[in-house]
Amino acid sequence: MIPEFKVTVFKGDGIGPEIMEPTLDILQHLQNVSNKYSLLFSTADAGAAYYLETGQSLPAESVELARSSDAILLSAMGLPDVRYTDGTEISPQIELRKIFNLYAGVRPVTVRDGKNCPLIRPNRETIDFVLIRESTEGLFYTQGKGEVSKNEARETLLITRDISEKLFDFAFSLAAQRKATGSGKGTVTCVDKANVFRAFAFFREIFYERSKNFPDINAEHAYVDATALWMVQQPWDFDVLVTENMFGDILSDLGAGIMGGLGLAPSADIGDEHAVFQPCHGSAPDIAGKGIANPFAMILSAAMMLEWLGHRHKQAQMLLDSVLLKDAVNAALIDGHCVTGDIGGSATTAEAAEAVITYLASQ
Ligand code: ATP
């Protein structure tokens, strides 16, 4: 009997559905070829367009569907003109992080040949590191609840022991996994501002406490400002970086810039029981409906989903398919004929996705 995994699919807003559709086709193609696992997709409602229609942005049925599934695949959501009455944007993806306690925001930054990296890479150094952004607290703790008076505005940064311990354990485990597969150096760097804020000294202290449980992994720390500099000057030196929510938010866009743009940046938000996989970019309403959105960040997020499910359920074929899918995107980038306008080509979304399928079919 083939193992089955339920995947809840949020198609999103703007370009969301346009990049989700070919991604589901690709996942279907992969499972058909191996016939060793089955992904059962169910679509859930949410987002800005749904809010306009119904007054709800993330209905309870969708949350329950997501809760009962093995993984959640989510496309870009939200539209700048559609807002709650308090003026904030519709962002069910952030609500899902809180509902399912998805504390580890995983943002891989990889540059191999083919990617339009704006940095000069001596000896064509490979860039391959993972930024882990805590995603439930930090400076986002009072998101939407900050206090603003005529002369003052306040937001609270929260760091808890419980979440920090889970976050660091996740980071050390990931570094161990990367070291075991030969893709990482076995180092975790805690990125903070411990020289100025007590909260970050607390964060760092917990980091070193947890590091003792991972004696084979090297634990280091760096200030966030220096990290921004090194991400530009020598990003090939990094392995796994772990940081607070707001620092991670900013550094992950820098990471996307290193890769050549948001259209190539995948992500995962992972907790103990659930995980959401989604591209880093937004719903790009300026190009929605034109069929020219870059599907690669969404496809690479699907590859991360296969990897996570593969490790969690010990499914070797899913792990192989995850690698194959990343290779397929890379091959399309190196070939260069079927890349979209945001990364210098002129292909449509369908053509870019077709290039991935063609590579997969040739393997
Ligand atoms: P959000 O705040 O929701 O993350 P944002 O303000 O960062 O959104 P995006 O929607 O990510 O904005 O778009 C930023 C720019 O990048 C836009 O010009 C958009 O067209 C472009 N862009 C984003 N994603 C893609 C994509 N997949 N393909 C092509 N262009 C994209």
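When you line the sequence shown up against my numbering, it's residues 9 to 371, in that order.
Every residue gets a Cβ at the ideal spot worked out from N, C-alpha and C, and that includes glycine.
Through-space distance from residue j to residue i, alpha-carbon basis
{"i": "Met326", "j": "Asp335", "result": "14 Å"}
{"i": "Leu368", "j": "Tyr216", "result": "43 Å"}
{"i": "Lys373", "j": "Arg162", "result": "Because residue 373 is not part of the residues shown, which for the chain are 9 to 371, the question remains open."}
{"i": "Gly299", "j": "Ile34", "result": "17 Å"}
{"i": "Leu249", "j": "Thr235", "result": "9 Å"}
{"i": "Leu328", "j": "Met313", "result": "12 Å"}
{"i": "Ala363", "j": "Leu127", "result": "26 Å"}
{"i": "Gln286", "j": "Met85", "result": "10 Å"}
{"i": "Ser83", "j": "Ala324", "result": "26 Å"}
{"i": "Gln242", "j": "Ile258", "result": "18 Å"}
{"i": "Glu97", "j": "Arg91", "result": "5 Å"}
{"i": "Glu281", "j": "Arg186", "result": "21 Å"}
{"i": "Val204", "j": "Phe210", "result": "12 Å"}
{"i": "Leu262", "j": "Phe246", "result": "14 Å"}
{"i": "Val117", "j": "Met267", "result": "7 Å"}
{"i": "Leu48", "j": "Pro30", "result": "16 Å"}
{"i": "Ser70", "j": "Glu103", "result": "12 Å"}
{"i": "Lys193", "j": "Phe137", "result": "10 Å"}
{"i": "Ser309", "j": "Leu333", "result": "10 Å"}
{"i": "Val119", "j": "His345", "result": "19 Å"}
{"i": "Gln101", "j": "Pro293", "result": "17 Å"}
{"i": "Leu175", "j": "Ala183", "result": "12 Å"}
{"i": "Gly353", "j": "Ile307", "result": "18 Å"}
{"i": "Pro88", "j": "Glu26", "result": "18 Å"}
{"i": "Gly22", "j": "Ala339", "result": "27 Å"}
{"i": "Val156", "j": "Thr93", "result": "17 Å"}
{"i": "Val240", "j": "Arg129", "result": "10 Å"}
{"i": "Gly349", "j": "Gly271", "result": "10 Å"}
{"i": "Pro67", "j": "Thr366", "result": "38 Å"}
{"i": "Ala355", "j": "Phe208", "result": "45 Å"}
{"i": "Phe18", "j": "Val337", "result": "22 Å"}
Contact check, residue i vs residue j, beta carbons under 9 Å
{"i": "Phe13", "j": "His321", "result": "yes"}
{"i": "Met28", "j": "Gly20", "result": "yes"}
{"i": "Ala52", "j": "Leu38", "result": "no"}
{"i": "Ile351", "j": "Asn124", "result": "yes"}
{"i": "Leu81", "j": "Val331", "result": "no"}
{"i": "Ile167", "j": "Gly146", "result": "yes"}
{"i": "His289", "j": "Ala305", "result": "yes"}
{"i": "Trp316", "j": "Ile278", "result": "yes"}
{"i": "Gly24", "j": "Ser275", "result": "no"}
{"i": "Ala273", "j": "Arg115", "result": "yes"}
{"i": "Thr150", "j": "Thr164", "result": "yes"}
{"i": "Asn302", "j": "Val347", "result": "yes"}
{"i": "Ala202", "j": "Arg218", "result": "no"}
{"i": "Thr16", "j": "Ser50", "result": "yes"}
{"i": "Ile214", "j": "Glu173", "result": "yes"}
{"i": "Ile342", "j": "Asp121", "result": "yes"}
Opening and closing residue of the alpha helix (DSSP H) in which residue i lies
{"i": "Asn253", "result": "Asn253 to Met267"}
{"i": "Lys334", "result": "Ala324 to Asp343"}
{"i": "Ala369", "result": "Thr357 to Ser370"}
{"i": "Ala311", "result": "Phe304 to Arg320"}
{"i": "Leu139", "result": "Where Leu139 is concerned, there is no enclosing alpha helix (DSSP H), although the beta strand (DSSP E) it sits in stretches over Ile135 to Glu142."}
{"i": "Gln5", "result": "The structure shown has nothing for residue 5, since the chain only spans 9 to 371."}
Element boundaries [beta strand (DSSP E), containing residue i]
{"i": "Arg129", "result": "Element bounds for Arg129: n/a, residue is neither H nor E."}
{"i": "Thr16", "result": "Glu12 to Phe18"}
{"i": "Val284", "result": "Ala283 to Pro287"}
{"i": "Ala276", "result": "Pro274 to Ile278"}
Proximity test, residue i beta-carbon vs ligand 2 heavy atom, cut-off 8 Å
{"i": "Ala355", "result": "Judged by which ligands are present, ligand 2 is missing from the structure shown, whose ligands are ligand 1."}
Below-9 Å beta-carbon distance, residue i vs any chain D residue
{"i": "Asp277", "result": "No chain D is present in this structure, which holds just one protein chain."}
- Could I get the ranges of all uninterrupted beta strand (DSSP E) runs contained in the stretch 47 to 124, with 3 residues as the minimum, in chain order? 79 to 82 and 112 to 119
- Message: I'd like to know if the stretch 67 to 83 and the stretch 355 to 371 are in contact, where contact means that at least 3 CB-CB pairs between them fall below 8 Å.
- Response: no
- Query: Which runs of the beta strand (DSSP E) spanning at least 3 residues fall entirely within the stretch 180 to 249, listed in chain order?
  - Reply: 195 to 200 and 226 to 231
- Query: Can you find at least 3 beta carbon pairs, one from the stretch 105 to 121 and one from the stretch 49 to 61, that sit closer than 8 Å?
  - Reply: no
- Would you be able to state if there are at least three C-beta pairs under 8 Å between the stretch 138 to 146 and the stretch 247 to 262? yes
- Just checking, does the stretch 193 to 203 make contact with the stretch 224 to 239 on the three C-beta pairs under 8 Å criterion? yes
- Query: Are at least three pairs of beta-carbons, each pair with one atom in the stretch 178 to 193 and one in the stretch 212 to 225, less than 8 Å apart?
  - Reply: Output reads yes: the stretch 212 to 225 touches the stretch 178 to 193.
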